[in-house]
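Asker: Questions regarding the structure given below will be posed in turn.
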Amino acid sequence: MAKLTKLDDIVSLCKRRGFIYQSSEIYGGLASCYDYGPLGAELKRNVRDAWWKAVVQMRDDIVGLDCSILMHPMVWKASGHADKFADLVTVCKKCNTRTRIDHLADKSDGDAAEHTEHVNIETEAAKEHDLSNKVCPACQAVGKFGEPMAFKLMFETQMGANADDQMTLWLRPETAQGIFANFRNVLDSTRVKVPFGIAQIGKSFRNEVTTKAFIFRTREFEQAELEFFCAPGTDEDWYEHWKQQRFNWYLDLGIQKENLRFRDHDPDELAHYAKACVDVEYKFPFGSGDWQELEGVANRTDYDLRQHQRGMRTMNDWFESKGDLSKITLKEEAEDYHKGPLSFFDEQNKERFIPYVIEPSAGVDRSTLAFLVDAYDEEEVKGATRSVLRFHPHLAPIKAAIFPLVKKDGMPEIATKLYDDLKGNFACFYDQKGAVGRRYRRQDEAGTPYCLTIDGQTKEDNTVTVRERDSMEQSRINIDQIKAYLREKLDL
RNA sequence: GCGGGUGUAGCUCAGUGGUAGAGCGUCACGUUGCCAACGUGAAUGUCGUGGGUUCGAAUCUCAUCACCCGCUCCA
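See the structure below:
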């Protein structure tokens, strides 16, 4: 299997073959930002399409959505991000280890730090923080901490060209809230009934304290999220359902079983709104061969919809404070909140409730990287190394390459005709330069599953050579049957 | 943000004060009739960026940017 043992090898591969480049490279690069090159753009698009097909197209109970990145600030007040999506961190002066202050344990009780949510940055920063009795988890030094530093995890931007009349907005830190904000719209316009899901793929932005490992953790990233709404009491079954569905999706697209696993979150690791959460992890070859999260499947309960009902009740305060979020607090829930504007009426049981939500949330960039790394292989062929990307046909950036065996005797004419005939149906590539063996190997490196070669025999019996990427085996197929052959083999 | 490391051709790297190099890749022409390894020729460098020292800097020095390994966090 792959001989990519270091992240550097992957970065190099990605650049050399045109999958991923550093953003703004000609200006020295921009931290944490990356661009997808010609092959990478195709690969990533295929990953998105495969997700959409599995999650939306093939299901009768899920519909799609595509929200704006900028949303009303109250969305983030209600979701909790505006107040809580920040960390207060301090550094141990002895060993330079950085720790969130809410994770520090007291010297006296010695208890391990408990998991807590992100903090409210305004109130926390204003508080006096007595760290003199706190223990550094790394070097055990007591009270050697510097001033707490605040990290805001959402990007801010301004709406309105007039400088005197601008509103501060946030770039969304997750696509999920756009789905909750449109829950009512979808209910009213599509005839869906609980249980059903709303799916969305799009960019999100988090001003991470530290980025990591190539495109694994970036400040701008793409999510594929599904919010699946179900009746309270059925949520645990749906949680299991989606756990399996999502795991199998990676396997079906060729991820090797031994590189994929679940990791359940400990109860004290769960976010305050989550009843259960499991990560789908991939064994990336970063340094020590660490397992890293590709996707999280969470039971978010009815938390988000209930929060947005509170948000809707708070709008008067928002207008009165002239949009200053720091001056308002969310209104309490109505006593009959379960009959609120974001509730669902179950015709069969004649009851109204706020649906529970199961959320599979996948990282598109992470998955793309995993598919790339997992497909990479090197093998010995006649004493030389053949490197090949064994992509699942659905993910392969190029489905078929068309070659004339040599650049004469009318072969290029037949080959270009075949190419023109196929490119409307499949992503194809035409190449007539150099030795054919070299062209085969070049396509191996791009992960192209099939090469079609026009030779002398083509003019005699109308057949072409079909060469398979994985086995390197060749067979002859009538040129008129190529389209059907590819369609069947590629399952398109 | 802190500590450690790195930055020279598209990629991998050599080059420790005196005219910028190799392998692979790329391109052209020829050859070639099914698996990168033929022949001939060619292109390609703000030596990450900006200051300083020096007669002279890829090389010494300072700053800065980016990446990698940790700390932290999460899709």
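In this note's numbering, the protein residues as written are 1 to 492.
Glycine included, every Cβ here is placed at the ideal spot set by N, Cα and C.
Give every residue of the same chain whose Cβ lies closer than 7 Å to the Cβ of residue 58, excluding the five residues on either side of it in the sequence, and list them in chain order.
Answerer: None.
Asker: Drop a sphere of 10 angstroms on the beta-carbon of residue 111, count the other beta-carbons inside from all chains shown, and report buried for 16 or more, exposed for fewer.
Answerer: Residue placement at residue 111 is poorly supported in this model, since its pLDDT is 45, which falls under 50; the coordinates still yield a value, given next. Looking at its Cβ environment, which holds fewer than 16 other Cβ atoms inside 10 Å, residue 111 is exposed.
Asker: For residue 73 and residue 169, which I take to be in contact (beta-carbon distance under 8 Å), what is that distance rounded to the nearest angstrom?
Answerer: Indeed they touch by this definition, with Cβ atoms about 6 Å apart.
Asker: In this structure, does DSSP put residue 82 in helix, strand or coil?
Answerer: Here residue 82 sits in helix by DSSP.
Asker: Do you know how far the Cα of residue 75 is from the Cα of residue 31?
Answerer: Cα to Cα, the separation comes out at about 29 Å.
Asker: Please name the residue in 442, 405 and 446 whose C-alpha comes closest to that of residue 452.
Answerer: Answer by Cα proximity: 405.
Asker: Starting from residue 159, trace the beta strand (DSSP E) in both directions and tell me its first and last residue.
Answerer: Looking at the DSSP string, the run of the beta strand (DSSP E) that includes residue 159 is 156–159.
Asker: How long is the line joining the alpha carbons of residue 211 and residue 219, rounded to whole angstroms?
Answerer: If you take the alpha carbons of residue 211 and residue 219, they lie about 7 Å apart.
Asker: Go through its chain and collect everything with a Cβ distance to residue 187's Cβ below 8 Å, but skip five positions before and after it.
Answerer: Cβ within range, chain order: 344.
Asker: Along the chain, where does the alpha helix (DSSP H) that runs through residue 371 open and close?
Answerer: Its alpha helix (DSSP H) spans residues 364–375.
Asker: When you compare only the Cα positions, how much space is there between residue 53 and residue 392?
Answerer: Going from the Cα of residue 53 to the Cα of residue 392 covers about 15 Å.
Asker: Contact between the stretch 292–301 and the stretch 373–391 is defined here as three or more beta-carbon pairs at a separation below 8 Å; is this criterion met?
Answerer: No contact exists between the stretch 292–301 and the stretch 373–391.
Asker: Taking the alpha carbon of residue 231 as the reference point, which residue from 255, 348 and 312 has its own alpha carbon closest?
Answerer: Comparing Cα positions, the closest option is 348.
Asker: Does the beta-carbon of residue 209 have 16 or more other beta-carbons within 10 angstroms, so that it is buried, or is it exposed?
Answerer: Exposed, because fewer than 16 other Cβ atoms sit within 10 Å of the Cβ of residue 209.
Asker: Can you tell me where the beta strand (DSSP E) holding residue 400 begins and where it ends?
Answerer: Residue 400 -> beta strand (DSSP E) spans 400–404.
Asker: How about the stretch 18–25 and the stretch 36–55: do they share at least three Cβ pairs that are nearer than 8 Å?
Answerer: With the cut-off at 8 Å, the stretch 18–25 and the stretch 36–55 touch.
Asker: Could you say if the stretch 419–436 and the stretch 468–488 meet the contact criterion of at least three C-beta pairs nearer than 8 Å?
Answerer: Segments in contact, yes.
Asker: For residue 449, collect the residues of the same chain with a Cβ closer than 8 Å to its Cβ; drop the 5 residues on either side in sequence, then sort them by chain order.
Answerer: Excluding positions up to five away in sequence, the list reads 391, 393, 396, 399, 400, 468, 469, 470, 489 and 490.
Asker: Hey, out of 358, 182 and 325, whose CA is closest to residue 227's CA?
Answerer: Answer by Cα proximity: 358.
Asker: Out of 386, 462 and 324, state which residue places its alpha-carbon closest to the alpha-carbon of residue 166.
Answerer: It is 324.
Asker: On the CB-based measure, 16 or more other CB atoms within 10 Å of its CB, does residue 460 come out buried or exposed?
Answerer: Residue 460 is exposed by the Cβ-count criterion.
Asker: At the level of alpha carbons, what is the spacing between residue 23 and residue 6?
Answerer: For residue 23 and residue 6, the distance between alpha carbons rounds to 21 Å.
Asker: From this set, 313, 362, 319 and 48, which residue's C-alpha is nearest residue 340's C-alpha?
Answerer: Of the listed residues, the one whose Cα sits closest to residue 340 is 313.
Asker: How big is the Cα-Cα spacing for residue 331 and residue 310?
Answerer: The alpha-carbon atoms of residue 331 and residue 310 are separated by roughly 6 Å.
Asker: Which of the three DSSP states, helix, strand or coil, is assigned to residue 423?
Answerer: Residue state, collapsed to three classes: coil.
Asker: Quick check on residue 192: does DSSP put it in helix, strand or coil?
Answerer: Reduced to three states, the DSSP call for residue 192 is coil.
Asker: Can you check whether the CB of residue 322 is closer than 7 Å to the CB of residue 278?
Answerer: No.
Asker: Could you say which of 82, 239, 367 and 258 lies nearest to residue 221 if we only look at CA atoms?
Answerer: The option with the nearest alpha carbon to residue 221 is 367.
Asker: Which of the three DSSP states is assigned to residue 110 in this structure?
Answerer: Confidence is the limiting factor: at residue 110 the pLDDT is only 47, short of 50, which leaves the residue's position unreliable, though a coordinate-based value still follows. Correct three-state label for residue 110: coil.
Asker: Find the nearest neighbour of residue 292 within the set 369, 234 and 351, judged by alpha-carbon distance.
Answerer: Checked all of 369, 234 and 351; the closest Cα to residue 292 is 369.
Asker: Measure the beta-carbon distance from residue 494 to residue 229 and round it to whole angstroms, keeping in mind my assumption that it falls under 8 Å.
Answerer: Here the chain comprises residues numbered 1 to 492, so residue 494 is not present and cannot be evaluated.
Asker: Using the C-alpha atoms, what's the distance from residue 51 back to residue 364?
Answerer: Those two C-alpha atoms are separated by around 9 Å.
Asker: Can you tell me which of the three DSSP states residue 152 falls into?
Answerer: The answer is strand: DSSP assigns residue 152 an E or B state.
Asker: Pick helix, strand or coil for residue 494, following the three-state DSSP scheme.
Answerer: No information on residue 494 is available, as it lies outside the stretch 1 to 492 that the chain covers here.
Asker: Which residue's Cα is closest to the Cα of residue 274: 265, 444 and 362?
Answerer: Ranking the options by Cα distance to residue 274, first place goes to 265.
Asker: Classify residue 26 as buried or exposed, calling it buried when 16 or more other Cβ atoms lie within 10 Å of its own Cβ.
Answerer: It counts as exposed.
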